[in-house]
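Only one structure is covered here, and it is reproduced in the block below.
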Amino acid sequence: MILMSGGLSRPDRGIAMKLIMKTFLVVGSAIALFLSVIFLFIWPALLKDANQMDKRTVLKELQRIESHLSSQADVLNRTNLDWAVWDDTFLFLKGEYPDYPAVNLLPETFENNQVNFMLFSDGSGSNIYQSAYDLKRVEPIRLPAEYYEDFSRLDKAQGYVMTELGLAFYSKQPVYKSDGSGTAAGSLVMGKFLDHNYVDKMGKELGLLLSFSEQKEKPGKKQAVETASETKMKGNLLIKELEGGGSYGISILMDREFYQQKRSSLIQQCYYIAGFSAIMLLLVLFLLDRFILSRVASLSENLRGIQERRDTGLRLPISSKHRDEITNLEQSINKVLASLEDKNREITNLAYIDQLTGLPNQAYLFEHYLTSLKGMKAVFFFDLDGFKRINDTLGHQAGDIFLKEIAEKVKALADEMNGLFARLAGDEFALLVGTSERMELEGIASRILSQVGKEYETFQYKAFTTASVGIAVSPLDGTSLDALLQKADIAMYEAKSTGKNQYVFYEDISSDSYYKNLLELEHELKYAVERNELEIYYQPIMDKAGEHIVCVEALLRWNHPAKGLISPDKFIPIAEETGLINRMGSWVLEEAVKQVGKWHMDGLEELGLAINLSKSQMKDGRFVEKLDEVLKQSQFTPGLLQIEITESDVSDYKKELLPFVEELRKRKVKIALDDFGVGTSSLIFLKDLPVDTIKIDRNFVKKVPFQAFDTVLLTGIYKILNELGLDCVTEGIETEEQLKYIRENSHSKLQGYYFSKPLPAPELEKQLNKLKPGF
-2 MILMSGGLSR PDRGIAMKLI MKTFLVVGSA IALFLSVIFL FIWPALLKDA
48 NQMDKRTVLK ELQRIESHLS SQADVLNRTN LDWAVWDDTF LFLKGEYPDY
98 PAVNLLPETF ENNQVNFMLF SDGSGSNIYQ SAYDLKRVEP IRLPAEYYED
148 FSRLDKAQGY VMTELGLAFY SKQPVYKSDG SGTAAGSLVM GKFLDHNYVD
198 KMGKELGLLL SFSEQKEKPG KKQAVETASE TKMKGNLLIK ELEGGGSYGI
248 SILMDREFYQ QKRSSLIQQC YYIAGFSAIM LLLVLFLLDR FILSRVASLS
298 ENLRGIQERR DTGLRLPISS KHRDEITNLE QSINKVLASL EDKNREITNL
348 AYIDQLTGLP NQAYLFEHYL TSLKGMKAVF FFDLDGFKRI NDTLGHQAGD
398 IFLKEIAEKV KALADEMNGL FARLAGDEFA LLVGTSERME LEGIASRILS
448 QVGKEYETFQ YKAFTTASVG IAVSPLDGTS LDALLQKADI AMYEAKSTGK
498 NQYVFYEDIS SDSYYKNLLE LEHELKYAVE RNELEIYYQP IMDKAGEHIV
548 CVEALLRWNH PAKGLISPDK FIPIAEETGL INRMGSWVLE EAVKQVGKWH
598 MDGLEELGLA INLSKSQMKD GRFVEKLDEV LKQSQFTPGL LQIEITESDV
648 SDYKKELLPF VEELRKRKVK IALDDFGVGT SSLIFLKDLP VDTIKIDRNF
698 VKKVPFQAFD TVLLTGIYKI LNELGLDCVT EGIETEEQLK YIRENSHSKL
748 QGYYFSKPLP APELEKQLNK LKPGF
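In case it helps, my numbering puts the sequence shown at residues -2 to 772.
Below is the structure:
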């Protein structure tokens, strides 16, 4: 449809003249005023403002240094309190535990607690025992006999003090029994040396270049900033000894970036404006009316109309009088509109149609159940017995052909009875019919078994399979589609577990059947965390080149003591249904952040962490509180944490999901959309859902590059994501050919068994040591 004159007409000549006159007056006046203001007011003000911004930057870094020191002092005080209120320490000071130093004051004690010295005194203030350790040289330090005197005179529980071995910050606590009762047996002093080594290490942790020196002049403000030169600004954090001792400073020297950038920019802009503004103004205004202004106004008006109508089927009228960039722009915009129209059609197809069989998918079922599928009263849920054997023996391509042939047969049956046949996932299918009569349903189930049980020829091989069918009826087994599918699924597994090639009604399931086993599994899952049966495996995510690990995905495993490894597909749905998933998810978050944080400390500072999140956790407001707590305690960089949500949760829980995503974005945590293309959502939802990364499901990759349709489809997805500015990860890479094609046609990160299967942390560390991440 072409936009013609009428509601969206071209501006007439009078409008164009108004525009050019207004342009002349506004631009000419603005340039003159702008030049005056720049030289008289803005230049000095901007330079002053830039200088203040540089000062604020330095002050902010000084505050970070001070916060770091305060945090370290708090940690030292808490550590000292743990040692001071302890029966062993109490007995040692009472003279009843002479082996205390040999048992407890080992090198590992100082290294683990990051302290340099520990001083013990009895109730009279006499020194009982003292020990020190050099954390950098990893060797004991011999303390002078009178070393404790530097601390015995101090009344404050913590602070800074100059000792014979240098400036130190310390914590002093009275020693009590573990229950805190009774009279103090003495006191315990713990401390760290605040020297150049400590400041250098702190600078590396904070990413700053720091220096440490004694302040010989009269000390000034605690935080002071001064201009060191035209290009440098210096900040100093004052540290004072207790009892009027000396003063010391931690200094930082930073570039005056804002000032230099602002000054250079202002000089350049002034030259350009002063030299060319008058000439360019006259030249531009002369040509605007004839060649640009009126046509741009027309183009703008037509685009506004398309935007208001939100119809990608509309097209811009192409000028026949001109052949220039504006004409090319009009044509390009029309091409973009046509492309958007095609992509919208493709995306809709991706959202609701299974790409292999052409059947409606699970998204279609949930989308239409309450409207066009309202009359459906029974759900048949079945999968194929032995289908994995066909895939493993003949290959996935043969398996796909096999699925399509079965889909065609059963679809004909569904059409015959005005039912709806859909593929849910893998070899799982659902048939919805409008009858609830038992005899009719039994007849339909028998016909399904008959159709599926026929012999099929694939790649000149004859293949045979059967089906296990579960049946749920509304309203007996539920009224919502989710409830009916769940009950039919349980009945289907009962049919499979009791012999296969049969159908089972959910209402016929006995108490000692599969359902009982499901409840048993649910009961045992409640104690899996306490019994340390849950484990976290990690699968690497590689960069585009496939050479460096940039992230690891944390995957939960249940190592049952009797049943071995239980698939997440079995216990995760149980955990979600019973509410255990929130507790398990919190455990995964804590442990995974702790583990990756350890790798950060080992030198992999930029290694990212991806964690899968269930719909239950997204709906639970306490997860965000738990996330804040974990990030704060671990000091984990939020930008390195990626929360993955599945497509199925996007459409089912959109209202709950949007506020949750906003909370994550406030904390600078990344959001990824997992299993793209097989769930109940698509790029349609990205208009309202601000995600950072799309994880392309393995089903789009397994036939690439050998099958043209899949290859073109995957390339199209990459193009769409690139135009939308979205990062992506391609899952399921298993072959060299897949890797080569993806690297040549996308900027996607890479994940799959080609690089590594999910591994326990100790095994993954071997890869991390060999293949350091590159960022």
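Cβ coordinates follow ideal geometry from the N, Cα and C atoms, glycine included.
Exercise. Helix or strand or just coil, what does DSSP make of M615?
Worked result: Looking up residue 615 in the sequence shown gives position 618. If DSSP states are grouped into helix, strand and coil, M615 belongs with the helices.
Problem set entry | L765 versus F697: straight-line alpha-carbon distance, rounded | The sequence position of residue 765 within the sequence shown is 768, counting from 1. The sequence position of residue 697 within the sequence shown is 700, counting from 1. C-alpha separation (whole angstroms): 28 Å.
Problem set entry | Length of the line joining the Cα atoms of T677 and R528 | To locate residue 677, count along the sequence shown from 1; it is residue 680. To locate residue 528, count along the sequence shown from 1; it is residue 531. Low local confidence applies: a pLDDT of 44 at T677 is under 50, so the model's placement there is unreliable, with the coordinate-based value given in what follows. Rounded to whole angstroms, T677 to R528 spans 36 Å at the Cα level.
Problem set entry | Closest Cα partner of I608 within the set L624, G272 and G600 | Counting from one through the sequence shown, the residue named residue 608 turns up at place 611. Nearest option by C-alpha distance: L624.
Exercise. Straight-line CA distance for M199 to D707?
Worked result: Counted from its first residue, the sequence shown places residue 199 at position 202. Counted from its first residue, the sequence shown places residue 707 at position 710. Each residue's alpha carbon lies about 52 Å from the other.
Problem set entry | Own chain partners of E760 with C-beta closer than 6 Å, once the 5 adjacent residues on each side are dropped | Numbered from 1 along the sequence shown, position 763 holds the residue referred to as residue 760. Excluding sequence neighbours, E760 sits near nothing in its chain.
Exercise. Is it buried or exposed for S583, if we count other Cβ within 10 angstroms and need 16 for buried?
Worked result: The sequence position of residue 583 within the sequence shown is 586, counting from 1. With 16 or more other Cβ atoms within 10 Å, it is buried.
Exercise. Which class does Y268 belong to by DSSP, given the choice of helix, strand or coil?
Worked result: Here residue 268 refers to the residue found at position 271 of the sequence shown. Of the three classes helix, strand and coil, the one that applies to Y268 here is helix, per DSSP.
Problem set entry | C-beta contact flag for N74 and S168 at 8 Å | By 1-based counting over the sequence shown, the position of residue 74 is 77. By 1-based counting over the sequence shown, the position of residue 168 is 171. Against a cut-off of 8 Å, the Cβ pair of S168 and N74 comes out as a contact.
Exercise. Which residues bound the alpha helix (DSSP H) around Q49?
Worked result: Mapped onto the sequence shown, residue 49 falls at position 52. Unbroken alpha helix (DSSP H) run through Q49: W40 to A81.
Exercise. Roughly how many angstroms lie between the CA atoms of M1 and G302, to the nearest whole one?
Worked result: Position 4 of the sequence shown, counted from the first residue, corresponds to residue 1. Position 305 of the sequence shown, counted from the first residue, corresponds to residue 302. With a pLDDT of only 48 at M1, under 50, the local geometry of the prediction cannot be trusted, and the value read off the model is given with reservation. If I take the Cα positions, the gap works out to 11 Å.
Exercise. Excluding five sequence neighbours on each side, which residues of the same chain lie with their C-beta closer than 6 Å to the C-beta of L140?
Worked result: As a position in the sequence shown, residue 140 is number 143, starting the count at 1. The residues are Q127 and A129.
For this session: Go ahead and label M773 buried or exposed: buried means 16 or more other beta carbons lie within 10 angstroms of its beta carbon, across all protein chains shown.
Result: Coverage of the chain is limited to positions -2 through 772, which leaves residue 773 absent and any answer about it impossible.
Exercise. Taking C-beta to C-beta, are V376 and A485 nearer than 8 Å?
Worked result: As a first step, residue 376 is located in the sequence shown; it is residue number 379 there, counting from the start. As a first step, residue 485 is located in the sequence shown; it is residue number 488 there, counting from the start. Yes, these two residues count as a Cβ contact at 8 Å.
Problem set entry | Residue of G450, A419, L326 and R420 minimising C-alpha distance to G383 | As a working note, residue 383 is residue 386 in the sequence shown. Selected option, being the one with the closest Cα: G450.
Problem set entry | Contact set for G771: own chain, Cβ-Cβ below 8 Å, skip 5 residues either direction | Walking along the sequence shown from the start, residue 771 turns up at place 774. No answer about G771 holds up, because its pLDDT of 48 lies below 50 and its placement is not dependable.
For this session: Assign N299 to buried or exposed, taking buried as 16 or more other Cβ atoms, counted over all protein chains shown, within 10 Å of its Cβ.
Result: Taking the sequence shown and counting its residues from 1, one reaches residue 299 at position 302. When all chains shown are included, N299 counts as buried.
For this session: Would you check if the distance between the CB atom of G636 and the CB atom of S613 is smaller than 8 Å?
Result: Looking up residue 636 in the sequence shown gives position 639. Looking up residue 613 in the sequence shown gives position 616. No; because the gap between Cβ atoms is not below 8 Å, this pair is not in contact.
Exercise. Under three-state DSSP, which class holds D625?
Worked result: As a working mapping, residue 625 is identified with position 628 in the sequence shown. In the structure shown, D625 sits in a helix (DSSP, three-state: H, G or I).
Exercise. Just curious, the alpha helix (DSSP H) that K406 is in, first and last residue?
Worked result: By 1-based counting over the sequence shown, the position of residue 406 is 409. Residues H393 to E413.
Exercise. Going by alpha carbons, who is nearest to K57 out of N514, D671 and N233?
Worked result: The residue you call residue 57 lines up with position 60 of the sequence shown. K57 has its Cα closest to that of N233, out of N514, D671 and N233.
For this session: Measure the alpha-carbon distance for E322 versus S295 and round it to whole angstroms.
Result: Residue numbering aside, residue 322 sits at position 325 when the sequence shown is read from its first letter. Residue numbering aside, residue 295 sits at position 298 when the sequence shown is read from its first letter. Distance between the alpha carbons of E322 and S295 is about 15 Å.
For this session: Express the C-alpha separation of G431 and R7 in angstroms, rounding to a whole number.
Result: Indexing the sequence shown from 1 puts residue 7 at position 10. Indexing the sequence shown from 1 puts residue 431 at position 434. Because R7 carries a pLDDT of 46, less than 50, the predicted location of this residue cannot be relied on, and the following value inherits that uncertainty. R7 and G431: Cα-Cα distance of roughly 56 Å.
Exercise. By how many angstroms is the C-alpha of E720 removed from the C-alpha of H744?
Worked result: For the purposes of this step, residue 744 is taken as the residue at position 747 of the sequence shown. For the purposes of this step, residue 720 is taken as the residue at position 723 of the sequence shown. Approximately 12 Å between the Cα atoms of the pair.
Problem set entry | Under 8 Å between C-beta atoms of D424 and L381 | Numbered from its first residue, the sequence shown carries residue 424 at position 427. Numbered from its first residue, the sequence shown carries residue 381 at position 384. In this structure, L381 lies closer than 8 Å to D424 by Cβ.
Problem set entry | Pairwise C-alpha distance: R307 and L5 | Residue numbering aside, residue 5 sits at position 8 when the sequence shown is read from its first letter. Residue numbering aside, residue 307 sits at position 310 when the sequence shown is read from its first letter. Note that L5 has pLDDT 40, beneath the 50 cutoff, so the model's placement of it is unreliable and the number below is only indicative. In a straight line, the C-alpha of L5 is about 14 Å away from that of R307.
For this session: Ignore the nearest five residues each way along the sequence and tell me which others in Q592's own chain have a CB closer than 6 Å to its CB.
Result: Counted from its first residue, the sequence shown places residue 592 at position 595. These residues qualify, in order along the chain: A758.
Problem set entry | Under the three-state DSSP convention, the category R444 falls into | The count along the sequence shown starts at 1 and reaches residue 444 at position 447. If DSSP states are grouped into helix, strand and coil, R444 belongs with the helices.
For this session: Would you tell me roughly how many angstroms separate the C-alpha atoms of Q733 and R740, rounded to the nearest one?
Result: Against the sequence shown, residue 733 aligns to sequence position 736. Against the sequence shown, residue 740 aligns to sequence position 743. The amino acid occupying residue 733 in the given sequence is Glu; Gln does not appear at that position. Distance between the alpha carbons of E733 and R740: 11 Å.
For this session: Would you list the one or two residues that DSSP bridges to E641?
Result: On the sequence shown, position 644 is the one that residue 641 refers to. Answer by DSSP bridge pairing, in chain order: N609 and A669.
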